[in-house]
Structures are given as C-alpha cells and as structure tokens.
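This report refers to the structure that appears directly beneath it.
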Amino acid sequence: MEWLQFGMEKPDVALARQRLIDPQHMFRVESLDIGQRSAQGIVARDELVETIQAIEYGLDEARVLFNGRPAENIRLIALNSDSMAGTFAPRDQLFVDISVHRFDGDGIYLFNLDNQLYLKRLQLQHKKVAVISDNKRYETWYLTLDEAASLQVIARVIMSQARDYQILG
Numbered sequence: 057m058e059w060l061q062f063g064m065e066k067p068d069v070a071l072a073r074q075r076l077i078d079p080q081h082m083f084r085v086e087s088l089d090i091g092q093r094s095a096q097g098i099v100a101r102d103e104l105v106e107t108i109q110a111i112e113y114g115l116d117e118a119r120v121l122f123n124g125r126p127a128e129n130i131r132l133i134a135l136n137s138d139s140m141a142g143t144f145a146p147r148d149q150l151f152v153d154i155s156v157h158r159f160d161g162d163g164i165y166l167f168n169l170d171n172q173l174y175l176k177r178l179q180l181q182h183k184k185v186a187v188i189s190d191n192k193r194y195e196t197w198y199l200t201l202d203e204a205a206s207l208q209v210i211a212r213v214i215m216s217q218a219r220d221y222q223i224l225g
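In the working numbering, the protein residues as written are 57 to 225.
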C-alpha cells in the first residue's frame, strides 16, 4: 500500500517499465540514411524518402519478423514512387538487409548503378539480368552479366509495411 499512499509505482510495474526502456530488451530498426549515400556521389533521386526515424520491436517479435537477423543489419526506408506498384504503394515502409552487398538471387534490391540509386526487382535470366519495375507502366530493362557485375548492391528488401492509415478523428 505504500506505493499507493506515496505515489510510488508497484515494484513489478517499475521493473516492467525498466525492461521496456532497457535497450537489451528491444530491437531497434533505424532509418537508412539516404543523405549519407548521396554525399558519397550517389544520386539519391526522389524515389526513396525517410519518413520514420526508427521503429522498436520486442525481441521475440523481431526474431520472427526478421528471421533472426541482427538489428544492425536491418534498416527502414519509404518508397516515394509508383514504380513498384502492385508490390509496394508510395510511402510504404520497406525493411532492407544492409548486409547483402551482391546479387544473391532473384529479389528486390536497393542498388547503385552509374551513381544512380534504384529500388528494383532483379531477376537472373539466361545470360542477362532483368531490372524490373513491378508497375507494368514501366519498361523492364536488361543488364549483361558483365554490366550486372558493376552493380553496387546496398541492400535487399526483406519485408514491407503498408502505409495505409485509417484516420478516425
């Protein structure tokens, strides 16, 4: 009753709150710093934007969502384009694995080619790599295997979260 009389929290509540604040008990996903990339000579274009600085998850949820990947390998970015419509909508949040630095199979990648930053689906086809915008209004273009070798992969998209907000008030 002392906690009630003097406005102090119950010990178990204080412990629970401390665990929530303690970085050892959370998985923090930081935003991918597009500005830093463009400072290195890469044209960031308007296709990607930073809308959320970070998201924190409980460790158990993060383990499931990110398949055991460490937090330092995961970054967050928002798409600001309709080029991937059908898979992602503009302003959807994309979670990328920045430990992936080369094309390692079909998937959606963030990559630099000729100092231009792209977020596209890459698909290996016979003796070439297709660079695909999932929006059918955009044309697929192709790289020879030699050209594809010059791709600088920055990250691979591993998950997305829709931005569809439902405003109730």
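A virtual CB, placed ideally from N, CA and C, is assigned to each residue, including glycine.
Owing to the predicted nature of the structure, the values given are computational and were not obtained by experimental measurement.
DSSP-derived helix/strand/coil call for residue i
| i | result |
| --- | --- |
| V120 | helix |
| N171 | coil |
| L115 | helix |
| A134 | strand |
| I223 | coil |
| I90 | helix |
| A95 | For A95, the predicted model reports a pLDDT of 43, less than 50, meaning its position is unreliable; a value from the coordinates is still stated below. DSSP places A95 in helix when its eight states are reduced to three. |
Cβ-Cβ distance between residue i and residue j below 8 Å
| i | j | result |
| --- | --- | --- |
| I154 | A211 | yes |
| D190 | A141 | yes |
| S216 | L150 | yes |
| R177 | A127 | no |
| V209 | L199 | no |
| I164 | L175 | yes |
For residue j and residue i, the rounded distance between their alpha carbons
| i | j | result |
| --- | --- | --- |
| G124 | A118 | 8 Å |
| L224 | L173 | 37 Å |
| Q80 | E86 | 16 Å |
| Q181 | E112 | 38 Å |
| V120 | I130 | 14 Å |
| R93 | N168 | Residue placement at R93 cannot be trusted, given a pLDDT of 49 that sits under 50; what the coordinates show is reported in the next sentence. Rounded to the nearest angstrom, the two C-alpha atoms are 10 Å apart. |
| Q222 | F159 | 37 Å |
| L115 | K183 | 42 Å |
| D170 | Q109 | 28 Å |
| W197 | V213 | 20 Å |
| K192 | M82 | 40 Å |
| D220 | L88 | 21 Å |
| S206 | S139 | 23 Å |
| Q179 | E195 | 14 Å |
Where the beta strand (DSSP E) through residue i begins and ends
| i | result |
| --- | --- |
| A286 | Because the chain spans 57 through 225 in this model, residue 286 falls outside it and cannot be assessed. |
| S87 | M82 to S87 |
| E103 | First-last for E103: undefined, no H or E at that position. |
| Q109 | Element bounds for Q109: n/a, residue is neither H nor E. |
| K183 | Unbroken run through K183: none, as it is neither H nor E. |
| M215 | Q208 to Q217 |
| F151 | Q149 to D153 |
Below 8 Å, can you find three or more Cβ-Cβ pairs linking the region 104–113 to the region 130–140?
yes
Is there contact between the region 137–146 and the region 155–163, where contact requires at least three CB pairs shorter than 8 Å?
no
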